[in-house]
Amino acid sequence: MSTDRSARLGRIRLGGRVPRHVAVIMDGNGRWATARGLPRHAGHREGMKAVRESVKAALAAGVEILTLYAFSTENWKRPKTEIKALMGVLQIYVEKERRALAQQGVEVRVLGETDRLNALSRRAVRRIEETTRGGRELRLNLMISYGGREEIVRAARSLAAEAQEGRLAPESIDASRFAAALFTRDDPDPDLLIRTSGELRISNFMLWQVAYTELYITPVYWPDFTQADFFDAVLDYQHRERRFGTVTTA
Ligand code: IPE
Ligand code: IPE
Ligand code: MG
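145 is the number of the first residue of the sequence shown in this note's numbering; add one for each residue after it.
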């Protein structure tokens with residue numbers, strides 16, 4: 145363990161409060177590659193390293209849920225060759241990592257409109273979920289073909305259908321009933337949202353769930369993101385005062 149890694153981990157332990165749920169907008173693969181004169185897909189491939197780093201860091205820090213934004217609804221509008229490269233990375237990641245993830249006690253779930261994926265990618269999704277089922281150390285949500293608005297629309301549609309069938313009274317729909325119709329129904333909202341590559345936007349990520357999430361933006365491109373960067377985000381989080389709209393008692 146490198147000294148800066150263990151020093152940061154020690155400070156996190158002293159700081160006490162660790163976010164239960166960390167979400168990450170993994171951004172900057174294309175720029176990482178372009179800056180090196182490489183094709184964009186080289187950046188996506190290199191991004192797998194940062195996924196590995198983040199899983200290790202989350203396990204070490206004691207985070208319960210790690211949610212990674214891997215492919216958005218809007219990313220379907222990218223050139224076919226790039227979509228193919230991204231789906232290839234998913235398949236490679238699954239074959240390379242699923243056993244190691246299971247050994248580390250990581251349970252993986254893939255959330256999003258996965259019926260839009262091709263047969264090979266859907267198979268990869270099934271395999272990683274099956275191999276890692278029951279892992280108790282960390283839950284890893286991979287958000288693939290995911291959009292926050294689409295998720296909200298889907299939830300509204302399913303509640304409307306239940307109401308129409310007479311199984312749900314419209315006046316019984318409240319925030320918690322609504323949240324139970326989202327892909328993330330089993331999870332608490334993220335405490336901390338990290339975005340790499342410096343963009344100051346949400347890009348249709350977990351629109352409902354981030355209502356009171358603490359935001360941390362770093363200029364680091366995703367392929368360069370390390371365990372130390374993850375720990376820095378957690379350390380920053382430990383200094384935040386979360387108010388949830390109320391006043392702090394003196
Ligand atoms: C993140 O990197 C990966 C996905 C969005 C799928 P990008 O591909 O968005 O890289 P940049 O933002 O163009 O550098
Ligand atoms: C957000 O990154 C989506 C993912 C990280 C999967 P984008 O690169 O697609 O977002 P924009 O286009 O910069 O907003
Ligand atoms: Mg981007």
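Quick reminder that beta carbons are idealized off the backbone N, C-alpha and C, glycines included.
The beta carbon of Phe215 sits closer than 6 Å to at least one heavy atom of ligand 2. Residue side-chain check: Asp171 places its Cβ nearer than 6 Å to a non-hydrogen atom of ligand 3.
Leaving aside the five residues that flank Asn173 on each side, the residues in its chain whose CB is nearer than 8 Å to its CB run, in chain order, Arg184, Gly187, His188, Glu190, Gly191, Tyr365, Trp366, Pro367.
By a beta-carbon distance limit of 8 Å, Met287 does not contact Leu326. Their separation comes to about 12 Å. Excluding its 5 nearest sequence neighbours in each direction, Arg175 has C-beta neighbours in its own chain below 8 Å: Gly187, Ser341, Tyr365, listed in chain order. As computed with DSSP, Met287 is found in a beta bridge with Tyr213, Leu255. It is roughly 11 Å from the alpha-carbon of Gly291 to the alpha-carbon of Arg298. Ranking Gln247, Arg280, Glu306, Lys240 by CA distance to the CA of Ala268 puts Lys240 first. Apart from the 5 residues on each side of it in sequence, Gly206 sits with its Cβ closer than 8 Å to the Cβ of Val162 in its chain, given in chain order.
Relative to ligand 2, the beta carbon of Ser347 is positioned inside 6 Å of a heavy atom. Annotated three-state conformation of Leu245 is helix, per DSSP. If you draw a straight line from the Cα of Val238 to the Cα of Asn285, it is about 13 Å long. Between Ile272 and Val252, the C-beta gap is smaller than 7 Å, which places the two residues in contact.
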